[in-house]
Amino acid sequence: MRAECRDIREIEGLKARYFRFVDRKEWDALCELFLPDATFAFPGLGSFESAVDGVAAIRAALGTSVTVHHGHMPEIELVGDGEARGVWAMDDLVIRPPDAPAIPDYPAELQAGLHGYGHYHETYRQQDGRWRIATLELVRLHIEPLGRGQPSSGSPRDEAE
Amino acid sequence: MRAECRDIREIEGLKARYFRFVDRKEWDALCELFLPDATFAFPGLGSFESAVDGVAAIRAALGTSVTVHHGHMPEIELVGDGEARGVWAMDDLVIRPPDAPAIPDYPAELQAGLHGYGHYHETYRQQDGRWRIATLELVRLHIEPLGRGQPSSGSPRDEAE
Amino acid sequence: MRAECRDIREIEGLKARYFRFVDRKEWDALCELFLPDATFAFPGLGSFESAVDGVAAIRAALGTSVTVHHGHMPEIELVGDGEARGVWAMDDLVIRPPDAPAIPDYPAELQAGLHGYGHYHETYRQQDGRWRIATLELVRLHIEPLGRGQPSSGSPRDEAE
């Protein structure tokens, strides 16, 4: 595989693991996807200036929730030696349990959960031959509060296996 | 990057911008993604035979709505010199404001908004080294009317930042 | 296109056809995507040990329903000569008609339909120059029952064309 094709595929695979590790709650593995000094900007959650702080914020907000994050339609561009940037369409379903701690910057109607839509604007840097996320900013198109009593909060394993 | 790989990636990037420009309402940039004589067939909206008319129809239907369009699972095939075709799975969320003009061919239950599903069947042509959309047809699998009063019509920036 | 890039693209195209053939109910074409001795593990539906039995089970469960299956964020890895494995994020919307036969292992609340989320864990094998699915396991993150009377069960062609 030629370098450019491989680099873009590796960045897409990096983001695929990002989504999977968030939804599977693999926090240590998630942290490894970022450069140590990565920056994060999440509407409603705040801004963070290290991988450790950013992942801690994600974990605090989502750790006890069922979440589903999907990425769509990557636009990845190599912009220099070992540097790249990308835009991803996204949606996220967050089902928060009744005893989840309130997210201070979220309005009351979103505390029980949400289905959100937007775009990630990111940059990537290659270090020791491995691509990692350098900066991540989420820009929202829309957030839908989850209807009361819907969806069900049971786990899929209870329901359908 | 080898030519075939690059061509397919460029077509995928073209469609990524299509979705982003629709949802961000960048109408002039959207128009540039099509050949001037591109044809459009949208169930419920009609058929159009130029980039200008097709984009004007999209704008008239969606311009005052919050929309989220996502593409999935591209099947792109190069079929000749500077010619390609593709199928994309898709879904679109359209939240129409109370004062949006009625879409004549839509039933009453869809006037407030919808969550739709289907496939785009498209062809592409390369002109002056740049791929553009030559024909676009949307075939629906299903359309769900949005429930009354749900989802909220507030903007995400009001709600969650 | 170099071999590795082409192989990964072919596997992604294979899975794109999987989704399209399920939702378009092209059962014979669907069966052809699997090795004859393919294995399937679907939570709630059971396990199957041939392409014929697996596709028959999918057809029995979904054949009279409107369904929309989308894949996201592929992680494909070539692991040997003509062997590969992959993980896909997914979601599936299943709208079952009132007269659909009950799925025995599903709770009552899912019999009318569901919106599910999870990951496919798959392996692929190349035979006679063509990639096919060798094993498929679906692992759920969450399943939401469809609300009563919502979404509408009408066909999109009735509603919006």
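Protein chains in written order, with the working numbering: chain P, 1 to 161; chain U, 162 to 322; chain Z, 323 to 483. Don't be surprised by glycine CBs; every beta carbon is placed ideally from N, CA and C.
- Taking CB atoms only, G366(Z) has no neighbour in chain U less than 8 Å away.
- Nearest CB-CB separation between I256(U) and chain P: below the 8 Å threshold.
- Under the three-pair Cβ rule at 8 Å, the segment 360–375 of chain Z counts as touching the segment 450–460 of chain Z.
- The DSSP-derived three-state label of L78(P) is strand.
- When DSSP reads this structure, I256(U) sits in a beta bridge with V227(U), G274(U).
- Contact between V461(Z) and L436(Z) fails: their C-beta atoms lie close to 16 Å from each other, not under 8 Å.
- I11(P) and A217(U) have their C-alpha atoms some 36 Å from each other.
- When Cβ-Cβ separations below 8 Å define contact, P262(U) makes no contact with chain Z.
- If you ignore the 5 residues before and after R96(P), its C-beta comes within less than 8 Å of the C-beta of T64, S65, Q111, A112, G113, all in its own chain and listed in chain order.
- Straight across, the Cα-Cα distance linking G207(U) with H303(U) is about 18 Å.
- With a contact defined as Cβ atoms closer than 8 Å, W410(Z) and G393(Z) qualify at about 5 Å.
- Closer than 8 Å to the CB of R342(Z) there is at least one CB belonging to chain U.
- Of all alpha-carbon atoms in D214(U), G205(U), S211(U), G247(U), the one lying nearest the alpha-carbon of A263(U) is that of G205(U).
- For E144(P), the closest alpha carbon among the candidates G118(P), E4(P), G80(P) is that of G118(P).
- Bridge partners of M234(U) according to DSSP: none are assigned.
- In this structure, DSSP gives E193(U) a state outside helix and strand, which the three-state scheme calls coil.
- Here P423(Z) is not bridged, per DSSP, to any residue.
- Here G247(U) is not near E193(U), since their CB atoms are 8 Å or more apart.
- Of the candidates G129(P), Q126(P), Y124(P), P107(P), P107(P) places its Cα closest to the Cα of L146(P).
- DSSP, reduced to helix, strand and coil, places L45(P) outside both helices and strands of the structure shown, so it counts as coil.
- For E171(U), the enclosing alpha helix (DSSP H) stretches over residues 164–185.
- Here V22(P) is buried: its Cβ has 16 or more other Cβ atoms, across all protein chains shown, within 10 Å.
- Straight across, the Cα-Cα distance linking G54(P) with V229(U) is about 27 Å.
- The three-state secondary structure of G376(Z), taken from DSSP, is helix.
- Residue contact check for E397(Z) against chain P: a CB pair falls below 8 Å.
- Residues of chain P whose Cβ lies closer than 7 Å to the Cβ of G174(U) are, in chain order, E75.
- Flagged as an interface residue toward chain Z: H70(P), by a C-beta distance shorter than 8 Å.
- Taken atom to atom, the span from the alpha-carbon of M412(Z) to that of L175(U) is near 23 Å.
- Distance from the Cα of P426(Z) is smallest, within the candidate group E348(Z), D350(Z), A383(Z), for A383(Z).
- Flagged as an interface residue toward chain U: V87(P), by a C-beta distance shorter than 8 Å.
- Rounded to whole angstroms, E399(Z) and D329(Z) show a C-alpha spacing of 10 Å.
- If you look at A295(U), you'll find it in the beta strand (DSSP E) that goes 291–306.
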